[in-house]
Amino acid sequence: MEKRIAICPGSFDPITKGHLDIIRRAATLFDEVIVLIMVNYTKANTAFTAAERVEMARRVTSDIPNVRVDYYAGLLADYARQQGACTLVKGLRAVTDFEYEFQMALTNKKLYPSLETLFLTTDIQYMYLSSSVVRQVASFGGDISEFVCPELLEDIQKRLAPASGALPNA
Ligand code: PNS
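The following block contains the structure:
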C-alpha cells in the first residue's frame, strides 16, 4: 500500500511545545510526517536562520521515527506534489486562527487539488502559545521554559535575551 505522507508546514521561528504536540499527534495518524520549515511572505525577518530552525526542529523530533525535517523556499503545494504528500496538518488554537488558515487551505487546494488540509485542535495547555509569544517574552528576559523544549531553551534565550537586561530602545 502507498505510504501516507503528511506535511506540518510553518515558519517555526522558533519551534514551540505547541508545534511539537501537533507533530507528535500527526505522527500517530500518518506513515510519515515531514516538518517543513518554510518562508512566510509576511514574516520577512526571522529571528533564526532557516538552518537554525531546521536544526532545532530536528533536535526536538529526533525520537519520533516517522518524522523528518526539511526546508523549502517555494510553494507548499509544489513541495507536497514533489513528495507525494496527501495532507497538510495544521494546528488551530482559536477562532482567530481560522480565517488565515482557511484561506491558505483553499489556496493550496486550488494549486494542488488532491491535497487535503487537516486541522488539529490545539491542546488546551498550548492555546495561548505561538512563536511570537516566545520571541517577545524571551527578548524581554522572561521565562520561556514552559513554551519551548528544554533542549532548545538555552540556545533560544542566548539568541533573544537582552544582553544587559535593558529594554530595547529604552
Ligand atoms: O507558521 P506560519 O508562518 O503561519 O506558516 C505559514 C506558511 C510558511 C506555511 C505559509 O506562509 C506558506 O505556505 N508559505 C509557503 C509559500 C506558499 O505556498 N504560499 C501559498 C499558501 S497561501
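Per this note's numbering, the sequence shown runs over residues 2 to 171. C-beta: ideal position from N, C-alpha, C; glycine also.
Delimiting residues of the beta strand (DSSP E) encompassing residue i
i	result
residue 71	68-73
residue 88	88-93
residue 119	117-122
Closest residue to residue i among the options (Cα-Cα distance)
i	options	result
residue 33	42, 77, 84, 79	84
residue 90	2, 28, 66, 151	28
residue 95	122, 2, 63	122
residue 88	126, 45, 114, 70	114
residue 74	55, 62, 63	55
residue 62	47, 26, 82	26
residue 153	9, 11, 15, 7	15
residue 64	40, 128, 21, 164	21
residue 161	150, 135, 2, 151	135
residue 141	108, 131, 50, 158	158
residue 47	133, 146, 143	133
residue 147	130, 156, 163, 43	130
Endpoints, the alpha helix (DSSP H) within which residue i is located
i	result
residue 102	96-112
residue 80	77-84
residue 132	132-140
residue 163	Counting along the chain, residue 163 falls outside any alpha helix (DSSP H), and DSSP gives it neither H nor E.
residue 48	It is not in any alpha helix (DSSP H) - residue 48 carries neither H nor E in the DSSP assignment.
heavy atom of the ligand FAD below 7 Å from residue i C-beta
i	result
residue 11	Although the ligand FAD was asked about, the structure shown includes only the ligand PNS as ligands.
Mind listing, in chain order, the continuous alpha helix (DSSP H) runs of no fewer than 4 residues lying wholly within the segment 9-44? If we require 4 residues or more, the alpha helix (DSSP H) runs fully inside the segment 9-44 come out as 18-30.
What does the shell around the ligand PNS hold, if a residue joins when its beta-carbon is under 5 Å from any heavy atom? This selection yields 10, 11, 12, 39, 41, 76, 77, 105, 108.
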